[in-house]
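The next block holds one structure in the form of structure tokens; read it before the comments.
Chains as they are written, first to last, in the numbering used here: chain A, 45 to 521; chain B, 239 to 692.
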């Protein structure tokens with residue numbers, strides 16, 4: 045008889061685990077409180093935000109078309125239809141996962157799971173009633189939720205987080221985004237494109253802490269034009285409702301700041317908090333098992349994503365950084381293979397990180413900042429997009445492709461790209477790193493012309509001081 | 239600026255595993271200060287620096303294999319003593335000093351280092367420890383594991399290695415930039431199997447085929463656990479396989495009547511204890527062998543097969559096999575012929591303690607004339623010990639006990655000690671061997687002969 049696996053949480057980690065286990069012939073129960081598998085990523089994260097970012101991009105291109113001799117009238121935005129479009133995208137994708145879940149004969153239970161013991165789960169079902177599930181293995185894939193700062197949290201419909209911001213309650217005139225990380229910048233640029241005056245406040249001295257500065261610099265140059273105000277090294281000290289006398293609903297949010305160059309206070313129609321995400325490790329009944337949670341709130345696992353309870357695994361956001369869907373779905377396969385007795389281990393050479401701003405920023409493997417911090421000697425080969433024919437043709441020369449190369453072996457250790465479509469281009473970099481490719485390998489691989497992907501090849505050529513479209517001879521060392 | 243270059247670690251010690259680097263960047267290092275702890279062949283040794291200065295860079299870390307001649311520390315502001323290091327550098331420059339760590343593909347070791355659970359575990363800890371930033375970090379950080387330390391192998395190659403139990407970081411890649419191919423992994427596994435099956439590469443070369451067949455998948459029949467061999471186990475396996483493969487062994491057996499000896503041993507036991515020793519059968523046997531080697535010089539010799547010569551030793555050092563938690567170790571009593579029984583028993587005690595604590599130096603385990611392996615404390619009626627190459631004979635002792643012995647008129651209960659003598663037939667003939675063994679037996683029966691003939 046095959047083992048019975050229960051997966052708690054049906055995000056890109058959980059449903060990937062459930063589907064793979066089912067494909068391997070295991071009996072699988074998948075539990076989530078949404079109607080269909082999808083999780084934050086499909087319902088409230090990656091996918092809906094990309095639908096809206098697509099709208100933003102079209103708006104932006106239409107505006108720039110005037111430089112190319114095509115002038116459109118000012119767009120009319122029907123926020124309800126924009127929201128509908130986003131909802132259709134979500135509905136299409138989640139009903140799709142629901143369908144393939146059925147095809148695979150996964151026992152999908154919509155409800156809230158509580159652990160009874162290491163082999164038993166009790167589910168409070170969405171349609172009423174309880175169900176008890178006996179299992180051989182559990183995979184915890186409960187994900188994460190937006191971080192809240194208690195002192196700044198007020199119960200107001202005008203204070204949003206990444207989830208409620210995607211609901212597009214209305215089109216505000218002004219908005220403050222708290223947090224200059226990827227969620228804040230992505231959602232901020234959606235609202236900015238739709239016509240909102242968006243300001244960003246970030247505690248650290250730069251946007252996107254963690255990404256290399258040369259990449260961020262190019263993004264920042266464009267972002268500065270789109271946003272009303274970018275306040276760096278600035279803290280939000282208080283958030284209060286603004287209510288006209290006798291009104292039942294608040295009219296705005298008053299925010300006070302602390303930081304150079306920031307106003308003492310300002311009032312916005314809406315405030316969006318995007319300061320990070322916290323793992324959902326407070327699973328009911330977890331204390332009935334050996335599972336351990338670390339100081340940062342992540343469930344502790346080994347390389348196979350096995351927790352301290354040998355039959356329980358944890359994957360995705362709840363099992364550690366980076367909190368990325370593609371990390372979760374790969375961990376899912378490792379955990380299922382481990383359950384099947386294979387020697388699978390999660391040890392990628394690179395996990396790509398993509399910020400879907402415009403331009404996009406993407407990187408994989410070693411960053412320059414990491415190399416410096418760890419004292420790793422690398423040579424950085426950069427190809428600036430103003431030398432790319434395709435970038436010029438689409439009027440998007442605001443880009444840079446760089447490779448971090450081990451000077452001794454010429455191995456590619458890291459790739460960083462900023463520019464239109466960087467999120468797609470990074471795939472080649474990840475493959476290069478995973479395959480242990482050298483700069484010569486990339487240089488000698490024919491890339492189609494004219495594409496932005498050529499910038500990766502030409503960056504490799506730069507390493508040898510022989511890029512076709514840039515004259516920069518290699519230093520004699 | 240000068241480098242601390244790993245000095246010669248002793249004869250036949252080609253490399254060591256770094257257990258711990260004892261200094262940090264920025265530390266001041268004095269001459270003779272221990273800077274790195276190594277596990278070599280059979281001992282854990284702290285290697286002292288022969289140069290002084292401030293540590294600028296550390297080029298080895300725990301788990302690395304290092305070889306004599308390799309730069310371990312880069313020091314700045316080194317004094318004149320730096321020349322000592324310079325001399326060593328001239329003698330054996332192995333690694334290009336500026337090559338970064340990752341590019342130094344480890345040489346294929348002689349024995350495998352299968353992924354041990356601990357290693358895997360520690361990898362996990364690394365990932366956890368390296369988790370970037372607090373949960374609230376707003377950016378998707380890249381993976382914390384260092385891309386530089388990862389082996390340059392494609393995911394499919396890493397998977398293959400994992401499946402067949404090869405630590406991919408041990409494989410040296412033949413591809414560009416040291417890239418590891420599937421063939422490299424298979425070749426590595428094959429070589430490991432061969433060196434296992436036939437005991438070391440030297441032997442593998444002389445016996446090309448046969449030992450290399452892969453293990454079946456034991457997990458088909460039940461649970462198994464795979465553990466990497468410890469350094470000691472690895473070296474023992476290699477050393478004994480080499481001995482077994484190159485030495486034409488013969489073993490002869492005899493028994494010594496130790497009824498009288500046992501009485502005397504009891505009588506003088508207190509005296510030895512007062513001095514801090516144990517008057518054991520092993521101690522007595524060491525004295526007997528030390529004396530016998532004087533009478534039989536061909537037992538205190540080595541065969542130089544290449545030079546077609548016999549090397550006779552003018553010193554008498556007796557090796558004592560010690561069973562430790564970590565494996566078999568053979569410390570050597572120097573000039574055993576010049577020591578009395580009390581001295582021998584004290585020294586054996588000391589060496590056994592050190593062996594158990596893994597404190598023996600390589601020096602204390604080399605240069606033996608002949609070895610003794612006493613398993614009598616555990617049991618056995620006889621066994622065939624393997625000669626401790628490059629020695630030419632070994633005395634095995636099994637458990638003694640009372641036996642009926644015909645004294646000419648009647649059976650008499652006598653305490654008999656079973657002896658085994660394995661020797662290199664290349665050098666020693668059967669008649670000589672049994673003469674030697676008889677001599678030993680008679681000396682045990684009547685220690686007076688030691689003074690008489692020794």
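From the three backbone atoms N, C-alpha and C, an ideal C-beta is built for every residue, glycine too. Please read all numbers here as calculations on a predicted model, not as lab measurements.
Three-state secondary structure assigned by DSSP to residue i
i, result
"residue 610(B)", "strand"
"residue 538(B)", "coil"
"residue 360(A)", "helix"
"residue 506(B)", "helix"
"residue 352(A)", "coil"
"residue 391(A)", "coil"
"residue 92(A)", "helix"
"residue 181(A)", "strand"
"residue 404(A)", "strand"
"residue 255(B)", "strand"
"residue 325(B)", "Residue placement at residue 325(B) cannot be trusted, given a pLDDT of 35 that sits under 50; what the coordinates show is reported in the next sentence. Helix at residue 325(B)."
"residue 249(A)", "coil"
Below-8 angstroms beta-carbon distance, residue i vs any chain B residue
i, result
"residue 522(A)", "The structure shown does not extend to residue 522(A), since chain A spans only 45 to 521, so no value can be given for it."
"residue 453(A)", "yes"
"residue 506(A)", "no"
"residue 206(A)", "no"
"residue 170(A)", "no"
"residue 60(A)", "no"
"residue 250(A)", "no"
"residue 195(A)", "no"
"residue 387(A)", "yes"
"residue 484(A)", "yes"
"residue 443(A)", "no"
"residue 353(A)", "no"
"residue 89(A)", "no"
"residue 296(A)", "no"
With 16 other Cβ atoms within 10 Å as the buried cut-off, status of residue i
i, result
"residue 271(A)", "buried"
"residue 640(B)", "exposed"
"residue 381(B)", "For residue 381(B), the predicted model reports a pLDDT of 39, less than 50, meaning its position is unreliable and no value from the coordinates is stated."
"residue 357(A)", "buried"
"residue 679(B)", "buried"
"residue 147(A)", "exposed"
"residue 113(A)", "exposed"
"residue 11(A)", "Lying outside 45 to 521, the shown extent of chain A, residue 11(A) is not represented and no answer is given."
"residue 261(B)", "buried"
"residue 313(B)", "buried"
"residue 452(B)", "exposed"
Chain A within 8 angstroms of residue i, Cβ atoms only
i, result
"residue 454(B)", "no"
"residue 664(B)", "no"
"residue 460(B)", "no"
"residue 212(B)", "This structure cannot settle anything about residue 212(B), because the visible part of chain B is limited to 239 through 692."
"residue 392(B)", "yes"
"residue 388(B)", "yes"
"residue 415(B)", "yes"
"residue 367(B)", "At residue 367(B), the pLDDT of 31 sits below 50, so the modelled position is not reliable; the number obtained from the coordinates is stated separately. No, residue 367(B) does not count as interfacial toward chain A."
Cβ-heavy atom distance, residue i to the ligand GDP, below 7 angstroms
i, result
"residue 97(A)", "As presented, the structure is devoid of all ligands, the ligand GDP included, so that no description of it is given."
What are the uninterrupted segments assigned as alpha helix (DSSP H) that are 4 or more residues long and contained completely in the region 622-690 of chain B, given in chain order? When DSSP assignments are scanned along the region 622-690 of chain B, the uninterrupted stretches of alpha helix (DSSP H) that are 4 or more residues long and fall wholly within it turn out to be 668-683.
In chain order, each beta strand (DSSP E) run of at least 3 residues that lies wholly inside the region 252-314 of chain A: For the region 252-314 of chain A, the continuous beta strand (DSSP E) assignments of 3+ residues that do not extend past its boundaries occur at 273-275, 279-286, 296-302 and 309-312, in sequence order.
Evaluate the contact criterion for the region 260-277 of chain A versus the region 297-307 of chain A: three or more CB pairs, one atom per stretch, below 8 angstroms. Inter-segment contact for the region 260-277 of chain A and the region 297-307 of chain A is present: three or more beta-carbon pairs are separated by less than 8 angstroms.
Let me know the alpha helix (DSSP H) ranges lying completely inside the region 383-422 of chain B, each 4 residues or longer, listed in chain order. Restricted to the region 383-422 of chain B, the alpha helix (DSSP H) segments that are unbroken, complete and at least 4 residues in length are 393-401, listed in chain order.
Could you check whether the region 427-436 of chain A touches the region 218-235 of chain A, counting it as contact only if at least three pairs of C-beta atoms, one from each stretch, sit closer than 8 angstroms? Taking 8 angstroms as the limit for Cβ pairs, the verdict is that the region 218-235 of chain A does not touch the region 427-436 of chain A.
Do the region 134-150 of chain A and the region 97-104 of chain A touch if we need at least three Cβ pairs shorter than 8 angstroms? Note that the region 134-150 of chain A does not touch the region 97-104 of chain A; fewer than 3 beta-carbon pairs, one per stretch, sit closer than 8 angstroms.
Quick check: the region 487-500 of chain B against the region 638-658 of chain B, are at least 3 beta-carbon pairs closer than 8 angstroms? Yes, the region 638-658 of chain B is in contact with the region 487-500 of chain B.
Just to confirm the assignment: which complete alpha helix (DSSP H) runs, minimum length 4, are found wholly within the region 427-453 of chain A? Counting only runs of 4 or more, we get 433-437.
Please specify which runs of the beta strand (DSSP E), each continuous and at least 3 residues long, are wholly inside the region 57-86 of chain A, giving them in chain order. The qualifying runs are 71-76.
Could you tell me which whole beta strand (DSSP E) segments of length 3 or greater appear in the region 456-503 of chain A? Qualifying beta strand (DSSP E) stretches, in chain order: 456-463.
Can we say the region 390-399 of chain A touches the region 217-224 of chain A, given the rule of at least three CB pairs closer than 8 angstroms? Touching, no, given that fewer than three Cβ pairs across the two stretches are closer than 8 angstroms.
Three or more C-beta pairs below 8 angstroms linking the region 124-132 of chain A and the region 290-297 of chain A: With the cut-off at 8 angstroms, the region 124-132 of chain A and the region 290-297 of chain A do not touch.
So does the region 617-625 of chain B actually touch the region 582-592 of chain B, counting three or more Cβ pairs closer than 8 angstroms? Contact between the region 617-625 of chain B and the region 582-592 of chain B is absent, because fewer than three Cβ pairs lie under 8 angstroms.
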